[in-house]
Amino acid sequence: MSGFNRLRLEGVGRRFGTADALAGLDLTIERGEFIALLGPSGCGKSTALNCLAGLLPLTAGSIWQDDRRIDTLPPEKRGFGMVFQNYALFPHLTVRDNIAFGLRMQRLPKDEVRRRTTAAIEMVRLEDHASKLPGQLSGGQQQRVAIARATVLEPSLVLMDEPLSNLDAKLRLEMRTEIRRLHQSLGLTTVYVTHDQEEALSMADRLVVMRQGRVQQIGTPEEVHTKPSSWHVADFMGYRNLLPLTAGRVSGDAVAVPLGGTTIDGVPQGEVATGDDVVAAVRPEDVKLGSEDIAGLKGRVEVVEYQGRECAIEIMLDDGTRLHARTERKTEAGEQVSITISPGRLLVYPSDGAADRP
Ligand code: ATP
């Protein structure tokens, strides 16, 4: 394996006409890491991946493999493997021949091609399908062929662009585990593009959250999930309650915000002063029903959505604010409820520009 210890992207940018699809991406990837590039459609994830792969020339910055600059190399000289959303298999070749293709191109001895191809087929559990054509396989099986074809070459880096987005929900879950298992057993350094935050949280060692061509936050799944760096990241990470408010009294590590006709304490994230426009963010699962609340939040259940063990509900507070909550308790629309927000879970962000507030 043409290995490296560290891959560095320094100020990597890509401009189309006058628009920056990617504006100054700085990222260091350690050998063996699983990195997810995450963000809404159009934020520049695929552009970043294609710049890494060499499919798209940079318009700014540089890419380094240890001390070797690689952004001037063509894709085939970088030794990276790629897996795309649409599998991109050769339709007229069998599973075995699809997987062996790259090894044959390298003119390796026949024995070695056979041995490595067989090992790759076993790795993705396609022993029973080796002589079939791609058209005779399910979407999940085809994607496993694509993964085997990319990894059989033992690339120093595997790049995956939304590889699971064409699969149904059940298969997506299975393939998540499968890719994670392969990553662990082969020790592959992986960069994985997705717009699905659950996928990114469950698979990656570190997430790179992007927005409008810029990195918003880099961190472990836990860091990004529990401490989003801005309300935009919070929005993307499932903090469905984003409330434009005005900060009240700030004392130590608490800031009072007006909500539901009363005042409750939130945790300031960044510089927040009394009187500032802020955005308060809280996840539905941290808005609880029923128990007597010291803050005395009260409201009326407006919508109940049955979701199995839990219900997702929407509550209208006395001041007209709508809150999304989750509960295991049986509730009905119209019911009056008291509400608790889990301590420390109401995050209060400076609003960066009032026009931009939710
Ligand atoms: P998606 O999840 O929808 O694939 P993405 O985050 O991968 O989105 P990119 O495909 O990287 O986003 O695109 C980033 C921005 O660059 C978008 O605004 C897109 O319209 C623009 N863009 C991408 N490729 C080109 C191109 N070849 N020419 C012009 N603009 C482009």
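Residue -4 is where the sequence shown starts when you use the numbering used here, and the numbers rise one by one after that.
C-beta: ideal position from N, C-alpha, C; glycine also.
Distance between S333 and G291, taken at the CA atoms: about 7 Å. Inclusion of V273 and P239 in the CB contact set at 9 Å is warranted, their separation being smaller than that value. Only residues of its own chain outside the window of five on either side were considered, and among them R9, G39, T42, G208 have a CB closer than 6 Å to the CB of A16, listed in chain order. In the structure shown, T23 falls within a strand segment according to DSSP collapsed to helix, strand and coil.
Counting only unbroken stretches of 3 or more residues, the beta strand (DSSP E) elements lying wholly within the stretch 140 to 217 are 152 to 156, 185 to 189, 201 to 206, 209 to 214, in sequence order.
Fewer than three Cβ pairs drawn from the stretch 218 to 232 and the stretch 179 to 189 lie within less than 8 Å of each other, which leaves the two stretches out of contact.
Here M205 is not near G6, since their CB atoms are 9 Å or more apart. Partner residues in a beta bridge of V119, as assigned by DSSP, do not exist.
For L166, same chain residues with a beta-carbon under 6 Å away, outside a window of 5 residues either side, are G135 in chain order. With a threshold of 8 Å, the Cβ atom of F11 counts as near the ligand ATP, since some heavy atom of the ligand is closer than that.
At the C-beta level, V296 and L342 stay beyond 9 Å of one another. A direct Cα-Cα distance of roughly 20 Å separates L88 from P104. Contiguous beta strand (DSSP E) elements confined to the stretch 48 to 86 occur at 55 to 60, 75 to 78, taking only those with 3 or more residues.
Your pair I142 and I116 does not check out as a contact, with CB atoms roughly 11 Å apart and the cut at 8 Å.
Look at the stretch 282 to 321 and you find these whole runs of beta strand (DSSP E), each 3 residues long or longer: 282 to 284, 292 to 302, 305 to 312.
In this model, P279 and L121 are separated by some 41 Å (Cα to Cα).
Ordered along the chain, residues surrounding the ligand ATP are F11, A16, G34, S36, G37, C38, G39, K40, S41, T42, H190 [Cβ under 6 Å from any heavy atom].
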